[in-house]
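Quick note: the sequence shown uses full-length UniProt numbering, first residue 284, plus one each step.
Here the structure comes first, spelled out in structure tokens, and everything after it is commentary.
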Amino acid sequence: TKLYCVPNLKYLPLDPKWEFPRERLNIEKVLGEGEFGQVLQASAIDLPGVPGRTTVAVKALKAGAGNTELNDLLTEYELLKEVSHPNIIRLLGACTCSDGQIFIIIEYADKGSLRGYLRGCRRGGRQALERERLSLKTLISYAWQISKGMEYLSEMKMVHRDLAARNILLTSKGVCKVSDFGLSRDVYEDDTYLKQSRGKVPVKWMALESLSDQVYTSKSDVWSYGVLIWELLTLGLAPYPGIAIQNLYDLLLSGYRMENPVPNSQCKLYHLMQACWATYPTDRPSFMQITSTLNRILQEGS
Ligand code: ADE
Numbered sequence: 284t285k286l287y288c289v290p291n292l293k294y295l296p297l298d299p300k301w302e303f304p305r306e307r308l309n310i311e312k313v314l315g316e317g318e319f320g321q322v323l324q325a326s327a328i329d330l331p332g333v334p335g336r337t338t339v340a341v342k343a344l345k346a347g348a349g350n351t352e353l354n355d356l357l358t359e360y361e362l363l364k365e366v367s368h369p370n371i372i373r374l375l376g377a378c379t380c381s382d383g384q385i386f387i388i389i390e391y392a393d394k395g396s397l398r399g400y401l402r403g404c405r406r407g408g409r410q411a412l413e414r415e416r417l418s419l420k421t422l423i424s425y426a427w428q429i430s431k432g433m434e435y436l437s438e439m440k441m442v443h444r445d446l447a448a449r450n451i452l453l454t455s456k457g458v459c460k461v462s463d464f465g466l467s468r469d470v471y472e473d474d475t476y477l478k479q480s481r482g483k484v485p486v487k488w489m490a491l492e493s494l495s496d497q498v499y500t501s502k503s504d505v506w507s508y509g510v511l512i513w514e515l516l517t518l519g520l521a522p523y524p525g526i527a528i529q530n531l532y533d534l535l536l537s538g539y540r541m542e543n544p545v546p547n548s549q550c551k552l553y554h555l556m557q558a559c560w561a562t563y564p565t566d567r568p569s570f571m572q573i574t575s576t577l578n579r580i581l582q583e584g585s
């Protein structure tokens, strides 16, 4: 096998199945940026099976990124190769051979992150003309789609570890796509992943056992999913408003949970959220159970 060199890392096998020529990828602008990573908008010419120009999103590292970030990007690449589901962001290719810069090409989602979209729909969030009205039914359908994507991931024995509205992408057709696999890991033998120490952690989305013992399972993804429903119903508020992250663990341990963000209504959705936040992982529903609960809520139209 042909090998290519990743700076500061081992040699990796070239994957011709996914390799895309750098000359046919034109970077256009920055869509989003983190400390060490960025997402770019680009045009890809003649993607396999797609003649002509296609707008795509490209994940890349910024100068200053270290091995951890490189590892996360390559992990994401490997995991995306394995998955295929309408509610999971699709891998289109990668440029790994050109001048040390690695580009992971994924499908472009016109409406960007769900969190940004929800916030744009708030009053005063955007120009009144541009603002789209979101019905409760639409919000529940988003929740349903995300659960379908997560059901698929959990069947694939993959744990996401960073499920949150900021990591869901939305297309113009109203399709939700789970993305940002950077933190996810395949689960081996048992379904527990013990994390190594790492930098930033999404404390307000994390399950009790993840906070205390760094244990990540599909059931800790379910906890995060409960927080995501709360984000949906509040059109993208930051969870646990007014609570400092240093105090969160003790509060949760003593039984504290967020209140119903829409008091006196949506009791069924609130019950679902609470079930996702059960102290013991085994008491939480599976994504398959969540999907069928949401089916029932959508049918009853309540
Ligand atoms: N922002 C981050 N990833 C994106 C994508 N795939 N499409 C559109 N905007 C994005």
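Note that the Cβ used here is the ideal one computed from N, Cα and C, for glycine as well.
Endpoints, beta strand (DSSP E) assigned at residue i
{"i": "Ile388", "result": "386-390"}
{"i": "Lys460", "result": "459-461"}
{"i": "Ser495", "result": "Not the beta strand (DSSP E): Ser495 falls in the alpha helix (DSSP H), residues 491-496."}
{"i": "Ile451", "result": "451-453"}
For residue i, the first and last residue of its enclosing alpha helix (DSSP H)
{"i": "Arg305", "result": "Arg305 -> no alpha helix (DSSP H), and no H or E assigned at all."}
{"i": "Lys456", "result": "First-last for Lys456: undefined, no H or E at that position."}
{"i": "Ala426", "result": "419-438"}
{"i": "Phe570", "result": "570-583"}
{"i": "Asp504", "result": "501-516"}
{"i": "Leu397", "result": "397-403"}
Cα-Cα separation, residue i to residue j
{"i": "Leu344", "j": "Leu330", "result": "22 Å"}
{"i": "Tyr532", "j": "Leu491", "result": "7 Å"}
{"i": "residue 592", "j": "Phe303", "result": "Residue 592 is absent from the model: the chain starts at 284 and stops at 585."}
{"i": "Thr379", "j": "Ile512", "result": "37 Å"}
{"i": "Gln384", "j": "Met433", "result": "31 Å"}
{"i": "Pro522", "j": "Ala346", "result": "32 Å"}
{"i": "Val442", "j": "Pro524", "result": "27 Å"}
{"i": "Ala561", "j": "Met541", "result": "12 Å"}
{"i": "Val313", "j": "Arg398", "result": "18 Å"}
{"i": "Asp393", "j": "Leu362", "result": "23 Å"}
{"i": "Gly538", "j": "Lys420", "result": "30 Å"}
{"i": "Lys502", "j": "Gln572", "result": "12 Å"}
{"i": "Arg307", "j": "Arg336", "result": "9 Å"}
{"i": "Lys342", "j": "Ile526", "result": "33 Å"}
Assigned secondary structure, residue i (DSSP; H/G/I helix, E/B strand, else coil)
{"i": "Ile371", "result": "strand"}
{"i": "Glu361", "result": "helix"}
{"i": "Lys345", "result": "coil"}
{"i": "Gly332", "result": "coil"}
{"i": "Ser548", "result": "coil"}
{"i": "Cys378", "result": "strand"}
{"i": "Ala527", "result": "coil"}
{"i": "Gly353", "result": "The amino acid occupying residue 353 in the given sequence is Leu; Gly does not appear at that position. Looking at Leu353 - three-state DSSP - the assignment turns out to be helix."}
{"i": "Leu314", "result": "strand"}
{"i": "Val484", "result": "coil"}
{"i": "Met556", "result": "helix"}
{"i": "Leu323", "result": "strand"}
{"i": "Asp298", "result": "coil"}
{"i": "Ala448", "result": "helix"}
{"i": "Thr338", "result": "strand"}
{"i": "Asp473", "result": "Only weak support is given to the placement of Asp473: the predicted model assigns it a pLDDT of 45, under 50, and the question is left unresolved by the model."}
Supposed close pair residue i, residue j - CB separation, criterion 8 Å
{"i": "Leu375", "j": "Leu516", "result": "So it is not a contact: roughly 33 Å between Cβ atoms."}
{"i": "Val461", "j": "Ile371", "result": "5 Å"}
{"i": "Thr358", "j": "Tyr391", "result": "Between Tyr391 and Thr358 the Cβ distance is about 22 Å, and since that is not below 8 Å, they are no contact."}
{"i": "Cys459", "j": "Ile429", "result": "5 Å"}
{"i": "Phe570", "j": "Ser367", "result": "At roughly 17 Å, the Cβ-Cβ gap does not stay under 8 Å, so Phe570 and Ser367 are not in contact."}
{"i": "Leu452", "j": "Gly509", "result": "Not confirmed; about 20 Å, so no contact."}
Residues of its chain near residue i, where Cβ-Cβ distance is below 6 Å and the 5 sequence neighbours each way are ignored
{"i": "Glu514", "result": "Ala448"}
{"i": "Trp301", "result": "Gly376, Ala377"}
{"i": "Ser507", "result": "Leu446, Trp488"}
{"i": "Ala348", "result": "Phe319"}
{"i": "residue 225", "result": "What is shown of the chain runs 284 to 585, which leaves residue 225 out entirely."}
{"i": "Ile310", "result": "Leu323, Ala325"}
{"i": "Val545", "result": "Leu516"}
{"i": "Asp474", "result": "Here Asp474 scores only 45 on pLDDT, less than 50, and its place in the model should not be relied on; the value that follows carries that caveat. Within the same chain, Asp474 has close Cβ partners Thr500."}
Contact set for residue i: own chain, Cβ-Cβ below 8 Å, skip 5 residues either direction
{"i": "Leu417", "result": "Leu401, Cys404, Leu518"}
Close beta carbons around residue i, own chain, < 7 Å, minus the five adjacent residues each side
{"i": "Ser455", "result": "Asp393, Lys394"}
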